[in-house]
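*Asks:* Just dropping this structure here.
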Amino acid sequence: MMPLTFCSEGEENIIKRIGGGEETRRHLENLGFVPGGTVTVISTTGGNLIVNVKEARVAVSREMASKIMV
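Residue numbers (our numbering): 3 to 72.
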């Protein structure tokens, strides 16, 4: 298991766990980051990640991405 920040671009990963506080977890779940779901890193720009989750493109900060374990 590793944080999403370590994933290669274009590689599809399965979300294992969402870390952080209750509010952070709820926010990420609302964006579609749920354990068992798939996530693909599209690109990394200035520390932020553009990811594909549930067929939608979402931008997440490096801090948020480090709480998503794949």
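The beta carbon of each residue, even a glycine, is placed where N, CA and C say it ideally should be. In this text the structure is predicted, and so the values were computed from the model without any measurement.
Please state whether DSSP places M66 in a helix, a strand or coil.
*Replies:* Three-state result, M66: helix.
*Asks:* Would the beta-carbon of G21 fall within 8 Å of that of T42?
*Replies:* no
*Asks:* If you compare alpha carbons, which of A58, I52, K56, N15 is closest to R2?
*Replies:* Look at the range of the chain in this structure, 3 to 72, and you will see that residue 2 is not part of it.
*Asks:* Within the continuous beta strand (DSSP E) that includes L33, where are the two ends?
*Replies:* Note, L33: premise wrong, no beta strand (DSSP E); not H, not E.
*Asks:* Where does E25 fall in DSSP's three states?
*Replies:* helix
*Asks:* Which term fits I16, buried or exposed, when burial requires 16 or more other beta carbons within 10 angstroms of its beta carbon?
*Replies:* exposed
*Asks:* What residue from T7, R19, K56 has the CA that sits closest to P37's CA?
*Replies:* Ranking T7, R19, K56 by Cα distance to P37 puts R19 first.
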